[in-house]
Amino acid sequence: METKEQKITVMAFGMIAEKIGAGQIQLSGISTIEDLQTTLFDQFPDLKNLKFSIAVNKQLVSGNQTIPEGSEIALLPPFSGG
Amino acid sequence: MSRFERQHILTGFGMEAQQKLQNASVLVIGSGGLGCPVLVYLAAAGVGKIGILDGDVVSLSNLNRQVLFGENDIGKAKAVVAADYFRKKYSEIEILEITEFITTANALEIMSEYDLIIDGTDNFSTRYLVNDACVLLKKPLVFGAIYEHEGQIMVFNSAKAGGTNYRDLYPNPPAASEIPNCNETGVLGVLPGIIGVMMATEAIKVLTGYAESLENKILFFNSLNYQTYTIDFNSDSELKKLIPDSFESFREKDYSLSCETIPSVDWEFALSQLNSDSIIVDIREASEMPKLQRAEVVYLPISRLLQESKSLLASGEVFLFCQSGIRSLKAVAELQKVLPGKSIYSIKGGIAAFLSTQKESNRYGN
Chain A
1 METKEQKITV
11 MAFGMIAEKI
21 GAGQIQLSGI
31 STIEDLQTTL
41 FDQFPDLKNL
51 KFSIAVNKQL
61 VSGNQTIPEG
71 SEIALLPPFS
81 GG
Chain B
83 MSRFERQHIL
93 TGFGMEAQQK
103 LQNASVLVIG
113 SGGLGCPVLV
123 YLAAAGVGKI
133 GILDGDVVSL
143 SNLNRQVLFG
153 ENDIGKAKAV
163 VAADYFRKKY
173 SEIEILEITE
183 FITTANALEI
193 MSEYDLIIDG
203 TDNFSTRYLV
213 NDACVLLKKP
223 LVFGAIYEHE
233 GQIMVFNSAK
243 AGGTNYRDLY
253 PNPPAASEIP
263 NCNETGVLGV
273 LPGIIGVMMA
283 TEAIKVLTGY
293 AESLENKILF
303 FNSLNYQTYT
313 IDFNSDSELK
323 KLIPDSFESF
333 REKDYSLSCE
343 TIPSVDWEFA
353 LSQLNSDSII
363 VDIREASEMP
373 KLQRAEVVYL
383 PISRLLQESK
393 SLLASGEVFL
403 FCQSGIRSLK
413 AVAELQKVLP
423 GKSIYSIKGG
433 IAAFLSTQKE
443 SNRYGN
């Protein structure tokens, strides 16, 4: 199966959503976390300066995990306001 | 008929759960936008003992969201105003006010007296400090935080096997440069209102077990469209290493956020330099409280810092401070561009840190 066709949904929150300009975007050709970061930083260079955690299908991930086709990714910034 | 009659007859709740609330003690750290609604609903629900910890005083810009305070409270200690309010309202719950900021010197002692901790603070340094103390003391922690129109809520229970803590999701704090200034991020009172009541809901769940809480999850809430998004995560033994492993090492840890390239000093050092020609500059806006009660303080809001930087030329070392130590780091970076070669420092932790050290020396009779 062509990995280039692999589509995923990316949910964004807080300042991440501000930098991306949307709460949700579609990306294709992503099969690992590293792919995701490379693509995100390419398209949205401001994200390089922000710390955030990443979830795949509502489960937190760390390291360079594989992203299954059709996954839903979430970019989770920490909030501090109170 | 007790004032908790409606909770006694609530399906799934009942007198047994009510008794648990009555026997419980909760420490609410921060009596601000989140702390106020949390306190209102925990007191109404009948938590037997509530500690209100806040070293801050009420200021005008608090009033759009810190609903326990009004115009006549400006300048008064938040913890005191809040405690007085609840004492007048309810006779059967015990309310304690603690007019201090939470620090590595007082956290363990204060927090150990309570069954559950609520984080209603407004900065990362304190949040990491509170988290680590809860892990060390094995206290359940209800965490809430907001940004503009969104909030996030988490529940950590280090007393349970496999219990998560804040660092399992966010191992390290962001750099100071990524953080919006505490006086620049807008907010409508309804947002911390909603998140605060959700935090109170979670606290009641943990204390009584009447429903499953958000343990080991983070819930994002968006007040614009009511979307929620919940993520699961697990405890990570590798990340445990980021937390001090003893009371001693916790007390020695420096939780202040720093920026590697910006020189920062603590208050003791900055004040010790005042006999020479160095100056201490308050870079906050005129309305921000409390003021540093020292004759030598120069007032130069960050909004005018660059235009009036020449006025600093004549002095020796320049020490900048703000509310919590974030803006002063940024101000040092800006000033360094226009006054190269001048020794400019940020004072760690801002006025909040100064007030904490004052409390510390009063406590120990220095």
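Chain order of the listed sequences is A and B. Residues 1 to 82 in our numbering are what the first sequence spells out, letter by letter. Residues 83 to 448 in our numbering are what the second sequence spells out, letter by letter. Beta carbons: idealized from backbone N, C-alpha and C, even for Gly. Note that this is a predicted model, so its numbers are computed, not measured.
Determine which residues share a DSSP beta bridge with residue i and list them.
| i | result |
| --- | --- |
| residue 179 of chain B | B/134 |
| residue 74 of chain A | A/11 and A/55 |
| residue 233 of chain B | B/228 and B/303 |
| residue 223 of chain B | B/199 and B/238 |
| residue 81 of chain A | B/228 |
| residue 362 of chain B | B/379 and B/401 |
| residue 66 of chain A | A/32 |
| residue 107 of chain B | B/131 |
| residue 60 of chain A | A/55 |
| residue 347 of chain B | B/429 |
| residue 25 of chain A | A/10 |
| residue 314 of chain B | A/59 and B/299 |
| residue 164 of chain B | Note: residue 164 of chain B sits in no beta bridge, so no partner. |
| residue 139 of chain B | B/159 |
So, is the C-beta of residue i closer than 7 Å to a C-beta in chain A?
| i | result |
| --- | --- |
| residue 383 of chain B | no |
| residue 405 of chain B | no |
| residue 27 of chain B | Here chain B has residues from 83 to 448 only, and residue 27 of chain B is not among them. |
| residue 448 of chain B | The predicted model places residue 448 of chain B with a pLDDT of 40, which falls under 50 and marks its position as unreliable, so this point remains unresolved. |
| residue 234 of chain B | yes |
| residue 203 of chain B | yes |
| residue 256 of chain B | yes |
| residue 260 of chain B | yes |
| residue 296 of chain B | no |
| residue 245 of chain B | no |
| residue 206 of chain B | yes |
| residue 308 of chain B | no |
| residue 441 of chain B | no |
| residue 395 of chain B | no |
| residue 435 of chain B | no |
Could you confirm whether any beta carbon from chain B is found closer than 7 Å to the beta carbon of residue i?
| i | result |
| --- | --- |
| residue 45 of chain A | no |
| residue 59 of chain A | yes |
| residue 3 of chain A | Note that residue 3 of chain A scores a pLDDT of 49, beneath 50, so its modelled location is shaky; the value from the coordinates is reported in the next line. No, because no Cβ of chain B sits closer than 7 Å to the Cβ of residue 3 of chain A. |
| residue 50 of chain A | yes |
| residue 14 of chain A | yes |
| residue 68 of chain A | no |
Compute the beta-carbon to beta-carbon distance between residue i and residue j, rounded to the nearest angstrom, for a pair I have assumed lies under 8 Å.
| i | j | result |
| --- | --- | --- |
| residue 132 of chain B | residue 126 of chain B | About 11 Å; that fails the 8 Å criterion. |
| residue 258 of chain B | residue 82 of chain A | Contact flag wrong, Cβ pair sits at about 18 Å. |
| residue 428 of chain B | residue 417 of chain B | Not confirmed; about 10 Å, so no contact. |
| residue 280 of chain B | residue 235 of chain B | 5 Å |
| residue 128 of chain B | residue 86 of chain B | 5 Å |
Quick check on residue i - is its C-beta less than 7 Å from some C-beta in chain E?
| i | result |
| --- | --- |
| residue 215 of chain B | Given the protein chain composition of this structure (A and B), no chain E is represented. |
Going along chain B in order, which residues have a C-beta closer than 9 Å to the C-beta of residue i?
| i | result |
| --- | --- |
| residue 74 of chain A | 302, 311 and 313 |
Counting only Cβ pairs nearer than 9 Å, list the residues of chain A close to residue i.
| i | result |
| --- | --- |
| residue 228 of chain B | 79, 80, 81 and 82 |
| residue 209 of chain B | 78, 80 and 82 |
| residue 223 of chain B | Per Cβ cutoff of 9 Å: no residues; residue 223 of chain B is ~14 Å from chain A at best. |
| residue 116 of chain B | 81 and 82 |
| residue 145 of chain B | Neighbours of residue 145 of chain B on chain A: none; closest Cβ ~16 Å, over 9 Å. |
| residue 274 of chain B | 81 and 82 |
| residue 453 of chain B | As displayed, chain B neither begins before 83 nor continues past 448, which places residue 453 of chain B out of reach and without an answer. |
Quick one: list the residues of chain B neighbouring residue i, beta-carbon separation under 7 Å, in chain order.
| i | result |
| --- | --- |
| residue 55 of chain A | 313 |
Name the chain A residues that come within less than 7 Å of residue i, Cβ to Cβ?
| i | result |
| --- | --- |
| residue 109 of chain B | Result: empty, since nearest Cβ-Cβ is about 15 Å, beyond 7 Å. |
| residue 139 of chain B | What residue 139 of chain B touches in chain A: nothing, since even the nearest Cβ is about 16 Å away. |
| residue 269 of chain B | 81 |
| residue 112 of chain B | 82 |
Give the residues of chain A in contact with residue i, contact being defined as C-beta atoms less than 8 Å apart.
| i | result |
| --- | --- |
| residue 183 of chain B | What residue 183 of chain B touches in chain A: nothing, since even the nearest Cβ is about 13 Å away. |
Ordered list of alpha helix (DSSP H) runs contained in the region 247-311 of chain B, each at least 4 residues: 248-251 and 272-290
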